[in-house]
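Everything on this sheet refers to the single structure shown next.
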Amino acid sequence: FDDGVEFVRSSVMAGTVPDDAEAAMDAKATLQDERKTLPVYKLKDDLLKAIDEYQVLIIVGETGSGKTTQIPQYLHEAGYTAKGKKKVACTQPRRVAAMSVAARVAEEMGVKLGHEVGYSVRFEDCTSDKTVIKYMTDGMLLREFLGEPDLGSYSVVVIDEAHERTLSTDILFGLVKDIARFRPDLKLLISSATLNAEKFSDFFDSAPIFRIPGRRFDVAVHYTKAPEADYIDAAIVTVLQLHVTEPAASGDILLFLTGQEEIETVEEILRQRLRVLGGKVAELVICPIYANLPTELQAKIFEPAPEGARKVVLATNIAETSLTIDGIKYVVDPGFCKVKSYNPRTGMESLLVAPVSKASAEQRAGRSGRTGPGKCFRLYTEYNFLNDLDADTVPEIQRSNLANVVLALKTLGINDLVGFDFMDPPAAESLLKALEELFALGALNSRGELTKTGRRMAEFPLDPMLSKAIVASEKYGCSEEVITIAAMLSAGNAVFYRPKDKQVHADAARRAFHAAGNVGDHVALLNVYNAWRESGYSAQWCRESFVQHRTMRRARDVRGQLVALLERVEIAPCSAAGDLGAVRKAITAGYFRHAARLQRDGSYRAVKSRQTVFVHPSSGVAQAPPRWVVYHELVLTTKEYMRQVTELKPEWLVEIAPHYYERKDVDEPEVKKMTSTATGQEKTTTGATPTKHTPNLNSFF
Ligand code: ADP
Ligand code: MG
369 FDDGVEFVRS SVMAGTVPDD AEAAMDAKAT LQDERKTLPV YKLKDDLLKA
419 IDEYQVLIIV GETGSGKTTQ IPQYLHEAGY TAKGKKKVAC TQPRRVAAMS
469 VAARVAEEMG VKLGHEVGYS VRFEDCTSDK TVIKYMTDGM LLREFLGEPD
519 LGSYSVVVID EAHERTLSTD ILFGLVKDIA RFRPDLKLLI SSATLNAEKF
569 SDFFDSAPIF RIPGRRFDVA VHYTKAPEAD YIDAAIVTVL QLHVTEPAAS
619 GDILLFLTGQ EEIETVEEIL RQRLRVLGGK VAELVICPIY ANLPTELQAK
669 IFEPAPEGAR KVVLATNIAE TSLTIDGIKY VVDPGFCKVK SYNPRTGMES
719 LLVAPVSKAS AEQRAGRSGR TGPGKCFRLY TEYNFLNDLD ADTVPEIQRS
769 NLANVVLALK TLGINDLVGF DFMDPPAAES LLKALEELFA LGALNSRGEL
819 TKTGRRMAEF PLDPMLSKAI VASEKYGCSE EVITIAAMLS AGNAVFYRPK
869 DKQVHADAAR RAFHAAGNVG DHVALLNVYN AWRESGYSAQ WCRESFVQHR
919 TMRRARDVRG QLVALLERVE IAPCSAAGDL GAVRKAITAG YFRHAARLQR
969 DGSYRAVKSR QTVFVHPSSG VAQAPPRWVV YHELVLTTKE YMRQVTELKP
1019 EWLVEIAPHY YERKDVDEPE VKKMTSTATG QEKTTTGATP TKHTPNLNSF
1069 F
């Protein structure tokens, strides 16, 4: 390791050491005994008394103290699920957390998952008539409001991980606060890992705060001496150094990365380097955990490594507070995470890798000090930490496209958006943009009222643009194709794989899915699905075609649910029978705001926002870029990349979205693309023009 990363030890985060520490370490303890060692256990009676006394309670406690797994069980034992057969809901910002915690609680209660204890996440409902403890994503509870506006089937709602301040959680705050007023029998618990609980208390009319004393040992924090040029490489070197120099029995390693792709890359490189090291080092068990990790692999991260081996967990933010993995002694923190960012001026939303906040960095470090003194290795300098990191993460509501929640609120009959009880209100500009977008999609009329299209769109648990494409598929006679594409887009980004030793084959297989004329990635996804269906949904076919079988199975699942939703909104299943133009038009009907035009330098320019964007190298159209495209999403890495790109005819924009585009937006420039030798600048049209027929949106705020 001559290219080793050099660290300086700088500070120790102090913690409180509990007296029952040894007990927690007793590996032989049964599940029930283990439950009793959690910090929340000692406070069980006090907690139940407080819940009985107050309608709304803020609960604060260090991660791993048992809030998520224990409190719903206490409520169940105390009879909150008995009379009237009401349920306890517990929301989680992340699907994996909801699933994994539900599995754990079912195990602790000795019941089958999906019976008394279940979970509900988008496209996956694992509950039954018997279910009384229901873990769910915050987004799913938000959707339940649409069917049951008073949440009448619940006796207690726990909004967990409140400190995460996700968009859905923030909207839930306003909604549950409102229903608590006319449902005195409903108990509301707001649970958070941070100490800044006053803010929650203030929002919920000075609700009392219940604190669970923490269990946290000292954590020695080390920083790099100089900034790292390549944090991935630095992370790998650090993990291996730790593994080689610190005895395996001393504890496991947790490495924070930003997403699935990064985790898979690191996993592969770690495997290679470990192979080279061979028998010279102890076994290192690599456990990835990220949002789309298949269910069957999720439990693996909680399994202890075999005798003599060590575990390294490669995790996204999910392991920051949502999931607690016992036995972690070392944390490696490159200091980055993936965040959504939104520019309300242009209406563009993209995912980007950004530095974490100080609060996040502290949480990450704290993960190493749960069962004994820990060590945290930050792959940045102390100077960076002190001077460059923001104190806290900005709530998602202030950096998101709000079209989805505005549609949900409108469907709930909430028309006064400015008057809505937000903990931190979004920018008025973002609300206005959302209204404009929904108007352009035809979901709202010019008075801001929900239209039939809007009502139908709201039935789909998808982004409004994708919902609109589905609703529009009725008109173009291609609902079968569009729901297939929607299912493929929703099943995750990992459709294809590309093994190092077979890249040529993999690329050829992938190209074969592109239709003649290579009209785009959406149609390629459709072709993949149809070919797989024809193979009889075969796993063998997937292997031969370099397609991920798991992703396909998920797509099939999602598609099944979209079929049911189509029926619900009374759209007949209908196939365009090979008319790909119809399919592309339906996609355009949803995504017209994501239209971009090729520039002479090979980049694209978004038609309305004038932003410069690029075709993602993984796109099938990257080799022969079409003049006009519509894209699914933007991903910011080194550049703003468009992911899932399809060719479009410019006249469609005016035809399909006359409220949004005018003829002059799509007029071809005088200079022909690529062929011109002119040295002059391309004639640029004036900046973003105001939307045609823009209604006075202020009047219906
Ligand atoms: P909190 O919500 O306060 O952060 P949790 O209730 O999530 O705490 O965690 C309590 C304990 O349950 C932790 O020791 C954690 O490791 C364990 N735990 C949670 N989920 C699982 C799981 N799926 N498998 C094994 N252990 C789990
Ligand atoms: Mg928790």
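Residue 369 is where the sequence shown starts when you use the UniProt record's numbering, and the numbers rise one by one after that.
Beta carbons are placed, not taken as given, at the ideal position from N, Cα and C, and that holds for glycine.
query	result
Within its chain, find whatever has a CB closer than 6 Å to the CB of residue 1106; leave out the 5 residues flanking it on each side and keep chain order.	An answer regarding residue 1106 cannot be provided, because it is not within the stretch 369 to 1069 covered by the chain.
Determine, using beta carbons only, whether R735 and L622 come nearer to each other than 7 Å.	yes
Is any heavy atom in ligand 2 found nearer than 6 Å to the beta carbon of T436?	yes
What is the residue span of the beta strand (DSSP E) that Q460 lies within?	455-460
Once the 5 residues before and after L933 are set aside, which same chain residues still bring their CB inside 6 Å of it?	E827, F828
Leaving out the 5 sequence neighbours to the left and right, which residues in its chain are closer than 6 Å to S523 when beta-carbon positions are compared?	Y448, K454
Measuring from the CB of F670, is there a heavy atom of ligand 3 at a distance below 6 Å?	Ligands present in the displayed structure are limited to ligand 1 and ligand 2, and ligand 3 is not among them.
Could you check if D831 is buried or exposed, using at least 16 other CB atoms within 10 Å of its CB as the buried criterion?	buried
CB-CB under 7 Å to M920, same chain, minus the five flanking residues each way: which ones, in chain order?	W900, C910
Between the alpha carbons of T956 and F914, how many angstroms are there, rounded?	29 Å
Mind reading off the beta-carbon distance from P662 to R918? Whole number of angstroms is fine, and I expect it under 8 Å.	5 Å
Kindly indicate the opening and closing residues of the alpha helix (DSSP H) around T398.	No alpha helix (DSSP H) holds T398; DSSP gives it neither H nor E.
By the 10 Å Cβ neighbour count, where 16 or more other Cβ atoms means buried, how is P656 classified, buried or exposed?	buried
So what does DSSP say about T626, is it helix, strand or coil?	coil
Quick check on E764: buried or exposed, where buried means 16 or more other Cβ atoms within 10 Å of its Cβ?	buried
Might you give, ordered along the chain, the residues of its own chain that have their beta carbon closer than 6 Å to the beta carbon of V612, omitting 5 neighbours on each side?	V649
Cutting at 7 Å between CB atoms, please list the residues of its own chain near Y599, excluding the five before and the five after it.	P702, F704, L747
How would you call G787, buried or exposed, if buried means at least 16 neighbouring beta carbons within 10 angstroms?	exposed
Which ranges does the beta strand (DSSP E) cover as unbroken runs of at least 3 residues, wholly within the stretch 916-981, from first to last along the chain?	963-966, 972-974
Taking all protein chains shown into account, do 16 or more other C-beta atoms lie within 10 angstroms of the C-beta of R815, making it buried, or fewer, making it exposed?	exposed
In the DSSP output, which residue or residues are listed as bridge partners for W996?	R965
What number of angstroms, rounded off, separates the C-alpha of R924 from the C-alpha of A837?	19 Å
Determine the direct distance from the alpha carbon of R995 to that of Y972, and round the result to whole angstroms.	9 Å
Quick check on DSSP: helix, strand or coil for S618?	helix
Between the alpha carbons of V680 and I527, how many angstroms are there, rounded?	30 Å
May I ask whether a heavy atom of ligand 1 can be found less than 6 Å away from the beta carbon of S468?	yes
Quick one: is the Cβ of D413 within less than 6 Å of any heavy atom of ligand 1?	no
Any idea what DSSP makes of T633, helix, strand or coil?	helix
By Cβ distance below 8 Å, which residues in the same chain neighbour A548 in space, the five residues on each side in sequence not counted?	Q423, V424, L554, L556
Kindly examine ligand 1 and report whether one of its heavy atoms sits closer than 6 Å to the Cβ of T562.	no
Given 8 Å as the limit, is there contact between the stretch 434-451 and the stretch 507-519, that is, 3 or more CB pairs closer than that?	no
What does a CB cutoff of less than 7 Å around P1018 pick up in its chain, not counting 5 residues either side in sequence?	W996, V1034
Please go through the same chain and pick out, in chain order, the residues whose beta-carbon is closer than 6 Å to the beta-carbon of S1067, but skip the five residues on each side of it.	Note on S1067: pLDDT 40, under 50, position unreliable in the model; the coordinate value appears next. Here the set comprises nothing.
From what residue to what residue does the beta strand (DSSP E) around D493 run?	492-494
What's the gap between the Cα of A776 and the Cα of F585?	44 Å
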